[in-house]
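J.: Before we start, here is the structure in question, set down as C-alpha cells.
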C-alpha cells in the first residue's frame, strides 16, 4: 500500500494526495478526480455559506416578526398611553398614573413600571457583576498562577452554564430569605433578590471577557513596563488595564444586555408586581417577565397580545443598541492596539 | 616617548560570573562568564536559541517576569549582585534600561510614552518633565520628527520611529546600562541605519549591550563582541579581532557564514 501512495504522490502531484481511498490510475484518472474534487469543494463551500447567512436571515426574520406584531399595537394604543394615563384620585383631583393593567376593563399600558422594573434589576446586577467580574478576570489573567487558573477558569465557565431556572430556584428559596433577614425587607421577593440572582449569570460573562481582553494585551507591553521599573500594580493600572479598557467596557455592556434580557430568574425572584418605583427592595416586574407570564394567556390577535409584542420590540431595541455599542467599543480597542 | 602613566582601565560595569540559567528544567546558559566594560558597545552574536537574549534578560532580571527561572552563579552591576536578596527590582530596572526586539510603545501619546518612566519614579514638576522629554527624544534622534506631534498616538509612528521612541523612553529614566535585544530585527534598512547612528552617539555615555543576528551590525557598532553557541560563550574579544582573526574555529565558521 505504502509504495502505491508514494507513487501517486509523485506522479499525481499534491492534488491527488487524498486519492489513497479509491485507486486512481495516473493520467486520465487525474482529470476525472479533479472534477469530482471541485464538486466536493463547491458543495462544502455552499453548505458553510448557507449556514453563515442563516444566522443573519434568522435575526432579520425575528426582527421583522417582532416589529410587525409590535407595530399593530400602535394602531389602537395611543403614544401617551404607553407612558401612563390620567385619572381622578380620591379627592377628585386629576392625576397621572403609571400602571400596567392590560387585562382590566379599561386596559392600562404604561411601560414605566416594566422599564423601571427591568432597570432596577439590571443596573444593580451589572454594577455588582462589574466589580466581582472584573476582579475575577484580572486575577485570572494577571495574577493567578497557571495551576490556579486551570482550576478556576473552568469553574467560572461552569457557572455560566448553570440553567437559569436553577439559579432562579436558588434565589427564590435561599437568597430571598437571606436578604430578608439581613435587610428586613417588607417583601421577600424583590428587585434586589432578582439582581443578586442575575449577577450569578453575568459575573462569568464579564470575568471571562475581561480575562480575554487582558490576555489580548501584548506581552511586549508588560515587558516594556517592567523594564522601566514599574511594579506589578503600576504595570496593571497604568499599562494593562488602560490597554484593555475597551474590552472590559464591552464586557460590562454585554453583561448589561444579558441582565436586561434575563427572564427566568427575574420571573421567579422579583415578586412580579408591576410597580413604578425606584425602591430596590420593592417587588417589581421586568419586561421579560411580563412577556413570559402574560403572552401565554393572551388571545392571539388581541390588543394585549400586540401590546406584549410592543414590549418585546422595546426590549429588543434596547439590548440591540447595547450590543451594538459594545461591538463598536471592542473594534475601537482592536484598532488602537493594532491587534 | 610619552611617559605619562597609562590611564587606569575603566572598571567593568557588568560582571557575569559563571552563570547557569534555567527555564524550569531546561538549561539556557552554561557557566557564562564575561565582563562588560562601561561607555562602549558590546555585541552578542550567535545562532538562534544560543542564549543571547537570555543573557541580557538576566542582567535586568526581566527574564523572570513570565518564566519560572533558576540560576547558579551571579551577575554583578558595579560590583553588587543583582540577584542578592535585598535587590530592589524597580531600582535595578531603572539603572538598566532595555529596548526590545519588537518596537513596543504603549498605546498612548508620544509624550506619555517618554514620560512613563519618570512619572513612575516620582518626577512631578512640569518643567522638569518637559525637559526630560526633550533631551530623551534628542538623544534618540527622534525630536525633530515628533516635536510638533507629541500628543499624537505613538502607534501612528513608523516602525523605526517607534523603536527610537522606545529608546527615548528607556533613556528618560536616566539609566546607566542600555540593553538592546535585536533592536533592528523588525525594521527596514533605513530604520536600521538610524538606530545604528543613535547607538553610535549614545555609546560614550552609556554601557550598551546589543544582541544582534546581523553580524555586519555587530561589526559596525560594537567595540567588543561575544560569540555564543548552545548557551556557552565560545569567544569574547575586541570586535575587530573577532571579525578578522578569531581564535576559535567555530567563530570563524559562524562569521564566514558556514552555519547559523
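Protein chains in written order, with this note's numbering: chain Z, 1 to 339; chain L, 1 to 260. For glycine and all other residues, C-beta sits at the position ideal for the given N, C-alpha and C.
Identify which residue in 87/L, 40/L and 192/L has its Cα closest to the Cα of residue 61/L.
T.: Counting from one through the second chain, the residue named residue 61/L turns up at place 61. Cα-wise, what sits closest to residue 61/L is 87/L.
J.: Return the bridge partner residues of residue 94/Z from the DSSP annotation.
T.: Position 94 of the first chain, counting from 1, holds the residue named residue 94/Z. Answer by DSSP bridge pairing, in chain order: 88/Z.
J.: For residue 310/Z, verify whether its CB is less than 7 Å away from any heavy atom of the ligand HEM.
T.: The ligand content of the structure shown is nil, which means the ligand HEM is not present either.
J.: Name the chain Z residues whose beta carbon is nearer than 9 Å to that of residue 120/L?
T.: One-based indexing of the second chain puts residue 120/L at position 120. Per Cβ cutoff of 9 Å: 225, 228, 229, 230, 231, 234 and 238.
J.: For residue 102/L, which of 231/L, 183/L, 41/L and 55/L has the nearest alpha-carbon?
T.: Locating residue 102/L in the second chain gives position 102, counting from the first residue. Closest option to residue 102/L, Cα to Cα, is 183/L.
J.: Could you spell out where the alpha helix (DSSP H) holding residue 195/L opens and where it closes?
T.: For the purposes of this step, residue 195/L is taken as residue 195 along the second chain, with counting starting at 1. Here the alpha helix (DSSP H) through residue 195/L covers 189-202.
J.: Rounded to whole angstroms, what is the Cα-Cα separation between residue 245/L and residue 78/L?
T.: For the purposes of this step, residue 245/L is taken as residue 245 along the second chain, with counting starting at 1. For the purposes of this step, residue 78/L is taken as residue 78 along the second chain, with counting starting at 1. Taking the straight line joining both Cα atoms gives about 31 Å.
J.: Leaving aside the five residues before and after residue 221/Z along the sequence, list all residues of the same chain whose C-beta is less than 8 Å from its C-beta, in chain order.
T.: Reading the first chain from its first residue, position 221 is the one you call residue 221/Z. Counting only Cβ-Cβ distances below 8 Å, and skipping sequence neighbours, we find 239, 240 and 243.
J.: To the nearest angstrom, how far is the alpha carbon of residue 184/Z from that of residue 303/Z?
T.: As a first step, residue 184/Z must be located in the first chain, where it is residue number 184. As a first step, residue 303/Z must be located in the first chain, where it is residue number 303. In a straight line, the C-alpha of residue 184/Z is about 40 Å away from that of residue 303/Z.
J.: Please classify residue 144/L as buried or exposed, where buried requires at least 16 neighbouring CB atoms within 10 angstroms.
T.: Here residue 144/L is taken as the residue at index 144 of the second chain, counted from 1. By the neighbour-count rule (16 or more Cβ atoms within 10 Å), residue 144/L is not buried but exposed.
J.: Identify whether residue 70/L lies in helix, strand or coil by the three-state DSSP scheme.
T.: The residue labelled residue 70/L in the question sits at position 70 within the second chain. Residue 70/L falls in the strand class under three-state DSSP.
J.: Give the secondary structure of residue 261/L by DSSP, where H, G and I count as helix, E and B as strand, and everything else as coil.
T.: A question about residue 261/L goes unanswered here, because the residues of chain L that appear run from 1 up to 260.
J.: Helix, strand or coil: how does DSSP classify residue 25/Z here?
T.: Numbered from its first residue, the first chain carries residue 25/Z at position 25. Bear in mind that the predicted position of residue 25/Z carries a pLDDT of just 49, short of 50, making it unreliable; the figure below should be weighed with that in mind. Reduced to three states, the DSSP call for residue 25/Z is coil.
J.: Taking residue 219/Z as the query, report the chain L residues whose CB atoms sit under 8 Å from its CB, ordered along the chain.
T.: Along the first chain, read from residue 1 onward, the residue named residue 219/Z stands at position 219. 66, listed in chain order.
J.: Kindly give me the distance between the Cβ atoms of residue 121/Z and residue 259/Z, rounded to whole angstroms, as I take these residues to be in contact under 8 Å.
T.: The residue given as residue 121/Z occupies position 121 in the first chain. The residue given as residue 259/Z occupies position 259 in the first chain. Confirmed, about 7 Å.
J.: Which of the three DSSP states is assigned to residue 280/Z in this structure?
T.: Counting from one through the first chain, the residue named residue 280/Z turns up at place 280. In this structure, residue 280/Z counts as coil in the three-state DSSP scheme.
J.: So which residues of chain L does residue 243/Z contact, with C-beta pairs closer than 7 Å?
T.: Within the first chain, numbered from 1, the residue matching residue 243/Z stands at position 243. Those within 7 Å of residue 243/Z in chain L are 107.
J.: Residues of chain L with CB under 9 Å from residue 336/Z, in chain order?
T.: Position 336 of the first chain, counting from 1, holds the residue named residue 336/Z. Chain L residues near residue 336/Z: 107, 153 and 155.
J.: Once DSSP output is grouped into helix, strand and coil, what is the label at residue 125/L?
T.: Within the second chain, numbered from 1, the residue matching residue 125/L stands at position 125. Coil at residue 125/L, not helix or strand.
J.: Under a CB-based cut-off of 8 Å, is residue 222/Z close to chain L?
T.: Position 222 of the first chain, counted from the first residue, corresponds to residue 222/Z. So yes, residue 222/Z belongs to the interface.
J.: At the level of alpha carbons, what is the spacing between residue 321/Z and residue 158/Z?
T.: One-based indexing of the first chain puts residue 321/Z at position 321. One-based indexing of the first chain puts residue 158/Z at position 158. When rounded, the distance between both Cα atoms is 28 Å.
J.: If contacts are defined as beta-carbon pairs under 8 Å, then residue 116/L and residue 194/L qualify, I think. What distance do you get, rounded to the angstrom?
T.: Here residue 116/L corresponds to residue number 116 of the second chain, with the count starting at 1. Here residue 194/L corresponds to residue number 194 of the second chain, with the count starting at 1. Incorrect: roughly 22 Å between the Cβ atoms, too far for contact.
J.: Skipping 5 residues on each side, what residues in its chain have a beta carbon closer than 6 Å to that of residue 107/Z?
T.: Locating residue 107/Z in the first chain gives position 107, counting from the first residue. Counting only Cβ-Cβ distances below 6 Å, and skipping sequence neighbours, we find nothing.
J.: If you check the beta carbons only, do residue 238/L and residue 223/L fall under 8 Å apart?
T.: Counting from 1 along the second chain, the entry for residue 238/L is found at position 238. Counting from 1 along the second chain, the entry for residue 223/L is found at position 223. A contact, by the Cβ cut-off of 8 Å.
J.: Three-state secondary structure (DSSP) at residue 309/Z?
T.: Here the question's residue 309/Z lines up with position 309 in the first chain. Here residue 309/Z sits in helix by DSSP.
J.: Which class does residue 118/L belong to by DSSP, given the choice of helix, strand or coil?
T.: Residue 118/L sits at position 118 when you count from the first residue of the second chain. If DSSP states are grouped into helix, strand and coil, residue 118/L belongs with the helices.
J.: Is residue 245/Z closer than 8 Å to residue 342/Z when the C-beta atoms are compared?
T.: No statement about residue 342/Z is possible, as the shown extent of chain Z runs from 1 to 339 and does not include it.
J.: Along the beta strand (DSSP E) that carries residue 178/L, what are the first and last residues, could you check?
T.: Locating residue 178/L in the second chain gives position 178, where the first residue counts as 1. 177-181 is the extent of the beta strand (DSSP E) around residue 178/L.
J.: Mind pulling the chain Z residues with CB within less than 7 Å of residue 117/L?
T.: The residue labelled residue 117/L in the question sits at position 117 within the second chain. Under the 7 Å cutoff, chain Z gives 228 and 229.
J.: Is there a C-beta anywhere in chain Z that falls below 8 Å from the one on residue 3/L?
T.: Walking along the second chain from the start, residue 3/L turns up at place 3. Because the pLDDT of residue 3/L is 48, which lies under 50, any placement of that residue in the model is unreliable, and the number read from its coordinates should be weighed accordingly. So, not an interface residue.
J.: Buried or exposed: where does residue 47/Z fall if 16 or more other Cβ atoms within 10 Å of its Cβ makes it buried?
T.: Looking up residue 47/Z in the first chain gives position 47. With fewer than 16 Cβ atoms within 10 Å of its Cβ, residue 47/Z is classed as exposed.
J.: If I'm right that residue 228/L touches residue 154/L with Cβ under 8 Å, what's the distance once you round it to whole angstroms?
T.: Within the second chain, residue 228/L is the residue found at index 228, counting from 1. Within the second chain, residue 154/L is the residue found at index 154, counting from 1. Incorrect: roughly 33 Å between the Cβ atoms, too far for contact.
J.: What number of angstroms, rounded off, separates the C-alpha of residue 28/L from the C-alpha of residue 247/L?
T.: For this step, residue 28/L is matched to residue 28 along the second chain. For this step, residue 247/L is matched to residue 247 along the second chain. Rounded to the nearest angstrom, the two C-alpha atoms are 24 Å apart.
J.: Comparing alpha-carbon positions, which option in 331/Z, 66/Z, 35/Z and 209/Z lies nearest residue 316/Z?
T.: Here residue 316/Z is taken as the residue at index 316 of the first chain, counted from 1. Considering only alpha carbons, the answer is 66/Z.
J.: Starting from the beta carbon of residue 100/L, find every residue of chain Z whose beta carbon is closer than 9 Å, and list them in chain order.
T.: By 1-based counting over the second chain, the position of residue 100/L is 100. Going along chain Z in sequence order, the residues near residue 100/L (Cβ under 9 Å) are 220, 223, 224 and 227.
J.: Does residue 57/L come out as helix, strand or coil in the three-state DSSP assignment?
T.: As a position in the second chain, residue 57/L is number 57, starting the count at 1. In the structure shown, residue 57/L sits in a helix (DSSP, three-state: H, G or I).
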